[in-house]
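Inspection log for the structure reproduced underneath, given as C-alpha cells.
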Amino acid sequence: MHQLTHQIVLKTNGRRLYDITSEVSSWAANSAMITGVLTLYIQHTSASLLINENYDSDVLVDMEAFFARLVPDGDPLFIHTAEGFDDMPAHVRTALTQTSLSIPLVDGKLALGQWQGIFLYEHRLMPYTRKVILHLIGE
Amino acid sequence: MHQLTHQIVLKTNGRRLYDITSEVSSWAANSAMITGVLTLYIQHTSASLLINENYDSDVLVDMEAFFARLVPDGDPLFIHTAEGFDDMPAHVRTALTQTSLSIPLVDGKLALGQWQGIFLYEHRLMPYTRKVILHLIGE
Amino acid sequence: MHQLTHQIVLKTNGRRLYDITSEVSSWAANSAMITGVLTLYIQHTSASLLINENYDSDVLVDMEAFFARLVPDGDPLFIHTAEGFDDMPAHVRTALTQTSLSIPLVDGKLALGQWQGIFLYEHRLMPYTRKVILHLIGE
C-alpha cells in the first residue's frame, strides 16, 4: 500500500465551472496503482468542487443560472460585504456544493461514470489562483 | 492493510430516495475488517447519495417535497431540455446533494448514527439502472 | 501504513456553526503521520459538517441567515412535524451541507487553506450532544 499527493493550480478568470477531469485522471492513471481511492480537496471557501455532466455544455450554463438565482449577488440579507457583493454568495455556493470529493480507483482508472466530469467551480467574478490537493492511496 | 471493492446495481422506478443501508452495511461487515474507511461513489449526474433519517418515512416525503419546490421541473430558466423537463433539475439536485460519501469502519461496523440510513436519491421520473461503487480500505 | 480513530463529542446550545478546527487539527498533528487522509463523519441527520471561512464571524451570521430563509422553520410544506417545527428543516439543511468530509494530510499537517475552518453546523434550536468520528490513514 502506498500514497501519492499532487497539487493542481488553476488560474480562474471569472465565475464558471472549469473542467479538471483530464488533469486529475491523467495523474491518477500515471500512479500505476490498480486499486485505491482518490481524495480531491479545494483549499478555498469561495470556490468548490463538483461532479457534473460534461457532455452538453448547456448543463454548465444552466447550473450557473440556477445558483445565480438561488444565491443572488448583493443580497441585502448579507452583512459580510467588505470583500465585494459576490463574496458572501460565493461562500454560500461553496457550502451548497463540495469542498472534498472521494473517487475510487478500479482497474487502474478512476471510477467516473460515462457522462461525469470533475469541475472546479469558481464563484467569484474576478480572477483568482485556486489550489486543489490530490491524495491517492492504494496499490 | 488491504482493500476491497464492490458494485451495487439498483434499478430505480421513479423519483425518490432508495434505502441501500442494509446492502452497504452487510458488505462492509462481511469484509472482516475491524478498522477502515468506506467510500461510496455514484456514477451518475442525475442521481445522488444522501445520509438521511431512516426511521419516519415522512422525512423522505418531505425531503422530496422540498427539492421539488426548490428545483422545479420544466423551469423556464433552463436551456438544457432535450433530455426531458426533469433532466436539468436532476443535475441541480445532484449538485446540491452528494456524489461521494466517506464512512469510517469502527469495531468492525460502519459508524452510522442511530437514525442514519444511506440512500440513493433517484432524481429522474423514468426507470434507470444506477451503479454505486464501494471501496473499503483498512485491516 | 497505519490508522487512528477518534471521537469528538460536542454539546451544542442552539442553532449555529461551531468551530472544531483546533481540536481536529491538533489530533491530526499528534498522530505523527506525515502523509495521509482524514475522514470526518457526523453521526446525525439534523447537524452537519461544513468547511467555511473562519476569519470574519459575519460570514457565519450570513450563512445561517441564508439557510434560515431557504429552509424556513414551520414550513407548511412539511408533514414530519412531531419532533418540532425545526426538525424537518434541520434534515433538509443537513442534506444541503455535508455528513462527511475528507481532508488530506500533507507534510504532517491538514491541508486546510489559509481561511478555512472546520465547523459542526447544529441545525436544531435546543441543546444536543453531537458526535463526530475521525479516521486517519497514512504513515
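Going down the list, the protein sequences come from chains A, B and C. Residue 66 in the numbering used here sits at position 66 of the first sequence, with consecutive numbering throughout. Residue 44 in the numbering used here sits at position 44 of the second sequence, with consecutive numbering throughout. Residue 20 in the numbering used here sits at position 20 of the third sequence, with consecutive numbering throughout. Yeah, the Cβ is synthetic: ideal placement off N, Cα and C, and Gly gets one too.
Check, Outcome
"Terminal residues of the beta strand (DSSP E) in which Leu38/B lies", "36–42"
"Per-residue burial, Gly36/A [other beta carbons within 10 Å of its own, 16 or more giving buried]", "buried"
"Coil, strand or helix - Asp73/C by DSSP", "coil"
"Distance, Ala82/A Cα to His135/B Cα", "44 Å"
"Nonlocal neighbours in the same chain, by C-beta distance under 8 Å from Asn52/C, ignoring five residues either side", "Leu17, Val59, Leu60, Met63, Gln116, Gly117, Phe119"
"Contacts that Met126/A makes with chain C (C-beta to C-beta distance below 9 Å)", "Result: empty, since nearest Cβ-Cβ is about 16 Å, beyond 9 Å."
"Short CB-CB distance (under 7 Å) between Val132/B and chain C", "no"
"Start-to-end residues for the alpha helix (DSSP H) that takes in Ala95/C", "87–96"
"Per-residue DSSP class, three states only, for Asp58/A", "helix"
"Backbone CA spacing between Leu110/B and Gln43/C [nearest angstrom]", "11 Å"
"Same chain only: Cβ atoms within 6 Å of Arg93/C, ignoring 5 sequence neighbours per side", "Phe67, Val71, His123"
"Environment of Thr129/B [buried if 16+ CB atoms lie within 10 Å]", "exposed"
"Where the segment 20–41 of chain B meets chain A: residues whose CB sits under 9 Å from a CB there", "Val37, Thr39, Leu40, Tyr41"
"Length of the line joining the Cα atoms of Ile133/B and Val24/A", "19 Å"
"Per DSSP, cross-strand counterpart(s) of Pro104/B", "Val37/B"
"Range covered by the beta strand (DSSP E) that runs through Glu139/A", "That residue, Glu139/A, is in no beta strand (DSSP E); it is neither H nor E in DSSP."
"Extent of the continuous beta strand (DSSP E) run through Thr162/C", "A question about residue 162/C goes unanswered here, because the residues of chain C that appear run from 1 up to 139."
"Classification of Ser46/B by the beta-carbon crowding that lies within 10 angstroms, buried from 16 upward", "buried"
"Distance between Ser48/C and Ile8/C (C-alpha atoms, nearest Å)", "13 Å"
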